[in-house]
Every structure is written in structure tokens, then in C-alpha cells.
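Participant:
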Amino acid sequence: MAAIETFALGKTYLAGFLRKRPKIALKPLTLTVPEGEVFGYLGPNGAGKTTTLKLLMGLVFPSGGSAKILGRDWRDPAVRVNIGFLPEQPYFYDYLTASELLDYYAQLSGLAASQRRRRIGEMLARVGLPEAGHTQLRKFSKGMLQRVGIAQAIIHDPKLIFLDEPMSGLDPIGRREVRDLIQSLKDEGKTVFFSTHILSDAEALCDRVAVLHKGELRGIGVVQDLLARFSGNVEIIWDGAAALPALQALGCECHPTGETIRAVLAQDQLDAAIDAIRRAHGRLMSITPVRASLEDYFLEKLNDTPVEVAR
Amino acid sequence: MPTTIDLMNHRTAITVTLATVMTVCLASAVVLLRRIDGMRSGATLEEVLYIPSPKILKRMSLGYNGLLADVYWTRAVQYFGAKHRAHAMQYQLLAPLLEVTTELDPHLIVAYQFGSTFLAQKPPEGAGRPDKAVALVERGIQANPNRWQLYYELGFLEYMERHDPAAAARAFERGSQVPGAHQFLRVLAAAMAQQAGQIATARMLWTTTYETTEDKMIRFNALKHLRALRVDEDVPRLEEVAAEFKRRNGRPASGWAELISAGLLRGIPVDPLGRPYKLLPDGRVEVADPDSLPFINQGLLPGKKPESLVVEKKS
Amino acid sequence: MINRISAISFNTFREAVRDRVLYNLIFFALLLVAAALLFGQISIGIERIVLINLGLTAVSIFGIVIAIFIGIGLVSKEMDKRTLYTVLARPVRRWEFILGKFFGLVGTLVVNTIFMAIGFFAALLYLVHHFQRSDTYLLVAIYFIVLQFVIVTAVALLFSSFSSPLLSAVFAFALYIIGTFAEDLRAFAALAHGPAGWIPTAAAYLVPNFSALNVISSVAHGESVARTLIAYNTGYALLYAAAATSAAALIFEHRNLK
Ligand SMILES: Nc1ncnc2c1ncn2[C@@H]1O[C@H](COP(=O)(O)OP(=O)(O)OP(=O)(O)O)[C@@H](O)[C@H]1O
Ligand SMILES: [Mg+2]
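Protein chains in written order, with my numbering: chain A, 686 to 996; chain B, 313 to 627; chain C, 7 to 264.
#1: Suppose you measure from the CA of residue 398(B) to the CA of residue 439(B); what does that come to, to the nearest Å?
#2: Please write down, chain order preserved, every residue whose beta carbon lies under 6 Å from a heavy atom of ligand 1.
#3: Could you pull out every unbroken alpha helix (DSSP H) segment of at least 4 residues lying fully inside the region 41 to 86 of chain C, listed in chain order?
#4: May I ask you to verify whether the region 757 to 769 of chain A touches the region 814 to 825 of chain A, counting CB pairs closer than 8 Å and requiring at least 3?
#5: Count the C-beta pairs between the region 213 to 226 of chain C and the region 119 to 133 of chain C that are closer than 8 Å, then say yes if the count reaches three, no if not.
#6: Going residue by residue through the region 950 to 980 of chain A, where are the continuous beta strand (DSSP E) segments of at least 3 residues, counting only ones entirely within it?
#7: For residue 800(A) and residue 806(A), what's the separation of their Cα atoms in angstroms?
#8: Can you say whether residue 29(C) is buried or exposed, counting buried as having 16 or more other CB atoms within 10 angstroms of its CB?
#9: Ignoring anything shorter than 4 residues or poking outside the region 515 to 558 of chain B, list the alpha helix (DSSP H) runs there in chain order.
#10: If I measure Cβ to Cβ from residue 986(A) and keep anything under 6 Å in the same chain, skipping five residues before and after, which residues do I get?
#11: Please list the segments of the alpha helix (DSSP H) lying wholly inside the region 399 to 447 of chain B, counting only runs of 4 or more residues, in order along the chain.
#12: Identify each residue in the region 821 to 834 of chain A for which the Cβ-Cβ distance to at least one residue of chain C is less than 7 Å, and report them in chain order.
#13: Determine the chain C residues that contact residue 780(A) at a beta-carbon separation under 8 Å, and present them in chain order.
#14: Would you kindly check if the distance between the Cβ of residue 171(C) and the Cβ of residue 241(C) is under 8 Å?
#15: Any heavy atom of ligand 2 closer than 7 Å to the Cβ of residue 86(C)?
#16: Counting only C-beta atoms, is residue 66(C) closer than 8 Å to chain B at any point?
#17: Nearest to residue 784(A) by alpha carbon, out of 798(A), 771(A) and 773(A)?
#18: Grouping DSSP H, G and I as helix and E and B as strand, with all else coil, what is residue 208(C)?
#19: Specify, as a first and last residue, the run of the beta strand (DSSP E) that residue 747(A) falls within.
#20: Between 220(C), 20(C), 34(C) and 82(C), which lies nearest to residue 174(C) when the distance is taken from Cα to Cα?
#21: Using C-beta distances below 7 Å, list every residue in its chain close to residue 850(A), excluding the 5 sequence neighbours before and after it, in chain order.
#22: Could you tell me whether any Cβ in chain B is nearer than 8 Å to the Cβ of residue 4(C)?
#23: Is the beta carbon of residue 750(A) sitting closer than 8 Å to the one on residue 702(A)?
#24: Which residue wins for smallest C-alpha separation from residue 217(C), given the options 204(C), 181(C) and 252(C)?
#25: Going straight from the alpha carbon of residue 184(C) to that of residue 582(B), what length do you get?
#26: If we call anything under 8 Å between Cβ atoms a contact, is residue 688(A) one with residue 719(A)?
#27: Does the structure place the region 939 to 946 of chain A close enough to the region 917 to 926 of chain A that three or more beta carbon pairs sit under 8 Å?
#28: Just the C-alpha distance for residue 501(B) and residue 350(B), rounded to the nearest angstrom, thanks.
#29: Along chain A, in chain order, which residues have C-beta atoms closer than 8 Å to that of residue 118(C)?
#30: Give me the residue from 434(B), 437(B), 445(B) and 499(B) with the minimum Cα distance to residue 410(B).
#31: From the DSSP output, in three-state form, read off residue 898(A) for me.
#32: I want to see whether chain B comes within less than 8 Å of residue 187(C), judged by CB atoms only; does it?
#33: For residue 326(B), go through chain C and note every residue whose CB falls closer than 7 Å to its CB, in chain order.
#34: Contact defined as beta carbons within less than 8 Å: I believe residue 862(A) pairs with residue 712(A). What is the distance between those atoms, to the nearest angstrom?
#35: Whose C-alpha, out of 129(C), 98(C) and 12(C), is nearest the C-alpha of residue 108(C)?
#36: Report the CB separation of residue 781(A) from residue 789(A) in whole angstroms; it is logged as a contact under 8 Å.
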């Protein structure tokens, strides 16, 4: 069974004060995420990532289309027992302490009192806030709030977790921890659907990614395949500025730093480049094939015309 | 997808349920409200008296005394209307209500005009308290010395209700000094001074009211009085004609037709509402429907008291 | 369902009691009761009446202020601050949320009123040294005040479900004022005849009617309150609140969160 399936799910907002003009936030989106997958939802600002999540959470109503979550209609309240959601820039009742907040949410998710007590401690420890349970949330830093947000998303042990930019507001250590946390959720067999525009996070965590741009799905790819793709370029680094004009004549991009020069060029020009460096008595430092990064894929998809996605 | 369809129905069901609950609750609330109203219609007005004095009320109204005055004025009208419909002979709350109203908004001229009329007229047309009516108008004049209508009202009350032509003349005279006063005030002052015939004076006063007021109800009241004056003139004249016939023929006339063929009348006489007068065998003349002609003194069934004492002989 | 509604109610209550503004308002209300005591002493013969009139009016006005100021934010604040996202992403139905909010605020107001009433009765006891039988009607007057709060809460909640807090506050206060004059409004409307009278009449019946729920001045004179009036008023307040709350839920059910 698929964890998430959307069928031409779309949203058009009516924006403007007096003269309402339609603003397409999400063009009809058809997407399937199987269970147990960590799925990265990528896109630049304003791409429609948050809109998609809000639609799936039933917070806004679609202009068209439908969706299934864990095999049931996405509006079915029963479905929500099994999903967790971290909104972007989460804000919580700041008059509550972290424990009270988690208790409230656990209650809303239908957890029994004894279970709640146990899970609250566990979750706070898991997100790295073991000491903060009795502090009012108004005294929390931005990163701490983000951690509480993650804790509330998993307090009821959901099967499917939606995270909207989970790394935002976190320091490098925090990001590392959240990465580990998402990895451990995956290891537990949960499905994680998270949006981000930090590509390295997606690269490190995701099984698959989707690229969204201007409300439109531009592509879906398996991350491993994408990274394995050889780009056809090599990077060459050498000492000796004398070779510079010759390599520039070959048409490659050169970045000199003092005497050391870095250049990226097509594989078939490599021999000519090495000859040129030798002739100028340059000292060759390294030659590395350039692997495709998610960034390449991302940028390629942004510039692409829309693609029909098979799966 | 069958589940989707089920859920659509589920959502529709929630919407329909909520809408139904809302409508049913609101409707039942209104029904209860009407019951509550039924219980309280008397109580609400009694409540007015809990306000110990209009001055305190004015302070409590936080500057919205104009609005509150309108509210009280409406209450006064409602109170009067309810009592009047019930043919009440007592209007205890009318004077306090009017006092509160005019204290809250001393420039609410209509409250003096109407209010004094309500207060002065004999029950069941009014509270039968000309003294309070005069006091009310006097207060109105104090607060609005430049409104000639109030002097007119005062003179009117003095003459019609208190039968004091001298006081009335003074009131009309004072009013005629006000810039922009209706010129008729001067004529009225003179008429009062001359002690003109009562019906003629009364007609003059009511005609002035009829012509100068812009209020429909005042105008209608004046019209009723003018009709009554005509009846009071018509009936003695017709009885005189009937008596003349009896003198000539030694027997009472059998009906208007005989009087017409005898050349004493030109046609069947009708009252101001267009209904023929009744000629009784004993020579008396009655109006067809006394209830539709308030304030008349003549043409009534024997034993029925005249409602207004406008043309009553003064001692 | 009950669990979720009560969790939301309790959280609403908790939010209110952790707000310092609430205590300030209660403090002012009690201050006013104390002032009524002083005010009563400078006039002769009506100390008791003045205390009851002023004291109960203070209880009702401060309660109304609390009801409106908390009520208008019940939905719109959660929507603005986006605290709703994490609530509605759980198995909570939107009408359950509305109902929970309603009960939460009503609970808060009941607790407040109990405190203010204790202060009021203490002041009364200080003044007259012993209670009399007719003082039970003071409890009825306070009960009616609570019924007013129930209506005001529902109305504020209704406005909160579709309009901004500022506008909601204006609407709710306006409606409260109109509601206290509803009886006169109906009298005004009755003066107009035909179609011109229907709209004002309908409006006068649709606005909440508070006049019958205000018996302060008559109980101040030691008068009794008819049992049927207690029953009818209870019915009216609950039905009206139910209607307004359903309307709020109906609107909220179809709203896109921003
Ligand atoms: N309530 C709204 N009314 C009108 N337009 C909206 C509304 N919410 C979002 N939009 C528009 O929809 C588009 C998509 O917004 P969305 O928040 O989904 O982007 P996003 O991918 O989450 O961006 P970011 O990375 O900045 O969070 C934007 O152009 C935004 O202006
Ligand atoms: Mg976003």
C-alpha cells in the first residue's frame, strides 16, 4: 500500500483585496510515495511545498483533485491518528510548558494517560531537550521550538510523518541530530515526507526526491541513481599560471588562486589539457571525475520544461 | 474511489447537521423569547420606575442621552398605545415616562407636543391630567423658548382643557413674539381676548393645528376633533329642523325623506364620515356609529356620556 | 470525541487563567464592588440597593468584557498564530474544536463569576451582617448574568470564526449593546407596518436579547423572580448559544486556514 497518493491535487488561491485574482499555488499534482520511504520534496521559495502539505493535512481545501493517505481518503479524521505533522516555522501555545504541550497533543491523538507520561519523556530526550520539559515555551529559542515541533509530530508514534522544512532554524549540531532522527525513523519503518530547499540534507537522507517549481512538478528521481550519474566532466588542479592561456584557449573555465589553478572541463579535452600544462612546466596536483550532485539535477529541473513523470 | 464519495457524504452530513441544529435552535429561541415577552410586557415598564430620578439616569447614560431619550419616548408611546387599546382609564406611568424622556433630551419637541396631548385628553383618549400636560409644556418652553409650537400647544391646553381663555391668550401672545412664529397665533390671541363663540374658536384652534403640524398623528387627531365639531353643530341644527316639521304638521317626521319633500332639507344629511344621520321618532338625531367619531357631544345614544367637554357650558 | 473536546476546553481554560489580564479585570471588578460599599455609605437608606446594583453590574460588565476579549480570539488567534495546524492535523474534527473552545471559555467565565460572586456576597455580608430569604434571588440574578456570558461567548466565537479580532470585538460589543435594547428595538419595529416592519422585526428577534436576563434592579428591590422566567431564560440562552455555536462551526468547517 502506498503511504501517499495524490490524484491531480491542485490549489488556486484567490488573492487580492478587492479585485480577487486567481493565484495558482499548486498545479494538479499526481504523486505516489510508497510506505517506508524517506521522500524529499524540493523546490525554491514559493514553489508550493507548504501548500501541498496543507492540502494533505486538510488545513486548506483543494480546488481540484483528491488524495489518499495510508490507503484512505485524506479527509478522513481516522487517518490522522497515524500521521504526524511539523508545520514550517512552528508556533505553539507559549503559555504551556513543553511537557504540557506534548500532553495536550497526545491527548488529541487519543493516547491514554499512562502512555502519554512515558512517551513525553522519551520524545523530549529524543529531540535533545531532556531538561526542558518544565520550561514555558515562551522561554524557548527558535531551535528549541523546532525540536519541540518535531517531538509533537512523533509523540503519538505515527506511521507517516510530514515535516515542512525540519532543519530551518537549527544550528549545525541540531541539523546533524535531526538528520539522525529522520534516519532512525526510517529505520523504524516509518514513512517520512519532508520539504526542504537545503539540498545536502535531501541528498544525505532521501530515497527519492521530487522537484517542484512554480506549483508544478518538474521531476521525480531516485537519489542514488541521480548521484551515480557521471556528469562527463573532470576537475583538474595544477600549480603554474603559465599554462592558463593555453587552457583558456581550450575553452574551459579556470579559477586561479595565486599559483594554484582549478579548472573544470569535458572528459575528451583532458589529454589536451594535460599536454598544455606539461608544456608550460606546470605541476599537476589532481584530476577528479565530477559526479552529478542533486544540485545539478535540481537546477536542471528548474530550467526544464515540464516533464510527465511515469511513476 | 468509494471512500471519497462516502466522505463527501460525511462532510455534507456535518454541514447539514450543523445547519439544522442552528436553525432549530434559533427558531426555538425565538419562540421562547416571545413567551418571555408575554411574561414581561408589564414588568418592563414597571422597571422604568426603578430609576429613581431622570437626572441620575442622564448621568448613567454616559452621554448617549439622545439615544436613550428616543428609547424612553418609544416606551412612552408604547405604554400609551397599549393602555389606550385596552381602554384604560388610568395612565400612571405616562407622566414619569415623559419626564424622563424630556429630561434626557430637552429638545425633543415631539415629546412635548404629543405628550401633552396624551396627558391632557380625557380618558380613555388620554390620561386626563391637563395640569401635568401644562407643566410638561412649560418645561418645554423653558428649554426651547424659540419654538412657537410649544406656546401654541400651551395656549391650546389652557383654552381647550383648562377652559381659561385669559391664560390661553397670554400663551398665544407670548408665542407670537417668537421670531418666525405662525401669524395665526396673533389671531388666536385676539380671539381668546374677545371670548368668541366656543365652537368657532375651537374650530379655529383645531384648524390651525391641522394646517401647521407636519405630524400625521397630530393631524389625524385634529381632524377627528374638527369632525366632532361639525357633528356638534349639525345635530342641533337637524333637531331644530325636525322640530319645525312637527310644529307645522302636528306629528313627527317619519324620516329624512319627508323633511326633504317638505322643503326643509336639500338632501339626506350625512356626518363627516359620509354616513347618514339617524332621525329618531322622538325627533332626536343620532350619528350612525358613535365609536368612529370620538370627542362628539351631540348625536349620542341617550345615557352615553360625551367624551370631551370641549363645548360644555362653562359656569 | 468527548476526550478531545474536553482537552481543548481545558487548554482554553488554562490559556485564560495564565493570562495576567484576566486577574487585572477580576481585581477591578472586586474594586468596584468595594467602591459600591463606600458609595452606598454616603447615600442614606439605599446602601443595600446601591451595593447590589453596582456590584452585580460590575460582575456582569467585567464578565462581558472578558467574554468578548477572549472570545474574539478563540479561533482567529489560533489561525493567525498557526497553532491550529498542529491541532487540526490530528484526529480532531473542526466542530469539536469549536465546541471545545466554547466550553473552555464558558468554564473560565463560570469560575471567574464564582470568585466575583464570593467577593460580592462578602461585601453584602459586611454591609447587612446577615442574609435574608430574598437574597436567594441575588443568586438567580447572578445565574442570569452567567447565561448572558454563555450567549456573549457564543456570539464572540461566531465572529471569531470569520473576522479579525478587532472587527469581531466591535461587532460583538455592538451586538451586546443592541441586545440590551432588543426589547425596545422590537417595540420600534412594531411601529412600522407591512414589509418595512418585517426586516427590523426579524433583526430584533435575531439579535441576542439580554433585557429579560437583566433582573439586577428588581432583585435589588428584593423582588422575586418567577420560576417560569428562570426556565425560559435558561432555555433561551442555551438555544441561542447553541445556534450561534453551530453557525460558528458551520463557517469554520468550510474555512481555508491561511
Ligand atoms: N493564503 C494564500 N493566499 C494566496 N496565495 C498564497 C497563499 N498561500 C500561499 N500562496 C502562494 O502560493 C505559492 C506557494 O506557496 P507555498 O507556501 O506553498 O510555497 P513554499 O514552496 O512552501 O515556499 P517556501 O520555501 O518559501 O516555504 C506562493 O506563490 C504563495 O504566494
Ligand atoms: Mg513553505
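Don't be surprised by glycine CBs; every beta carbon is placed ideally from N, CA and C.
Facilitator: Let me lay it out:
#1: Spanning the two alpha carbons is a distance of roughly 13 Å.
#2: Counting only residues whose CB is nearer than 6 Å to a non-hydrogen atom of ligand 1, the list in chain order is 698(A), 700(A), 708(A), 710(A), 728(A), 730(A), 731(A), 732(A), 733(A), 734(A), 735(A), 736(A), 773(A), 882(A) and 264(C).
#3: With a minimum length of 4 residues, the continuous alpha helix (DSSP H) runs that stay inside the region 41 to 86 of chain C are 53 to 77 and 82 to 86.
#4: No, the region 757 to 769 of chain A is not in contact with the region 814 to 825 of chain A.
#5: Short answer: they don't touch.
#6: For the region 950 to 980 of chain A, the full-length beta strand (DSSP E) segments reaching 3 residues or more read 968 to 976 along the chain.
#7: The alpha-carbon of residue 800(A) is positioned some 11 Å away from that of residue 806(A).
#8: It is exposed - the Cβ of residue 29(C) has fewer than 16 other Cβ atoms within 10 Å.
#9: Those alpha helix (DSSP H) runs which fall completely within the region 515 to 558 of chain B and span 4+ residues do not exist here.
#10: By the criterion of a C-beta distance shorter than 6 Å, residue 986(A) is surrounded in its chain by 896, 903 and 904, once the five residues flanking it on both sides are discounted.
#11: Segments of the alpha helix (DSSP H) lying fully in the region 399 to 447 of chain B: 406 to 416 and 421 to 432.
#12: Hits within the stretch: zero.
#13: At a beta-carbon threshold of 8 Å, the residues of chain C lying near residue 780(A) are 20, 21, 24 and 25, ordered along the chain.
#14: Contact: no.
#15: Every heavy atom of ligand 2 is 7 Å or more from the Cβ of residue 86(C), so no.
#16: Not a single C-beta of chain B is nearer than 8 Å to the C-beta of residue 66(C).
#17: When only C-alpha atoms are compared, the closest one is 798(A).
#18: Here residue 208(C) sits in helix by DSSP.
#19: Neither: residue 747(A) is in no beta strand (DSSP E) and is coded neither H nor E.
#20: The shortest Cα separation from residue 174(C) among 220(C), 20(C), 34(C) and 82(C) belongs to 82(C).
#21: Sequence-distant partners of residue 850(A) (beyond 5 residues in either direction) whose C-beta falls short of 7 Å from its own C-beta, in its chain, are 773, 880 and 881.
#22: Absent from the structure is residue 4(C), since the part of chain C shown begins at 7 and ends at 264.
#23: Against a cut-off of 8 Å, the Cβ pair of residue 702(A) and residue 750(A) comes out as no contact.
#24: The option with the nearest alpha carbon to residue 217(C) is 181(C).
#25: One C-alpha to the other measures close to 51 Å.
#26: Less than 8 Å separates the beta-carbon of residue 688(A) from that of residue 719(A).
#27: Judged by Cβ distances under 8 Å, the region 917 to 926 of chain A makes contact with the region 939 to 946 of chain A, as three or more pairs qualify.
#28: Residue 501(B) and residue 350(B): Cα-Cα distance of roughly 49 Å.
#29: What residue 118(C) touches in chain A, judged by beta-carbon distance under 8 Å, is nothing: the nearest beta carbon there is about 17 Å away.
#30: Shortest Cα-Cα distance from residue 410(B) to any of 434(B), 437(B), 445(B) and 499(B) involves 445(B).
#31: Reduced to three states, the DSSP call for residue 898(A) is strand.
#32: Taking 8 Å as the CB threshold, residue 187(C) lines the interface with chain B.
#33: Ordered by position in chain C, the residues that pass the 7 Å Cβ test against residue 326(B) are 101 and 259.
#34: No, residue 862(A) and residue 712(A) are not in contact; Cβ-Cβ is about 35 Å, not under 8 Å.
#35: For residue 108(C), the closest of 129(C), 98(C) and 12(C) by C-alpha to C-alpha distance is 12(C).
#36: Right, their Cβ atoms sit about 7 Å apart.
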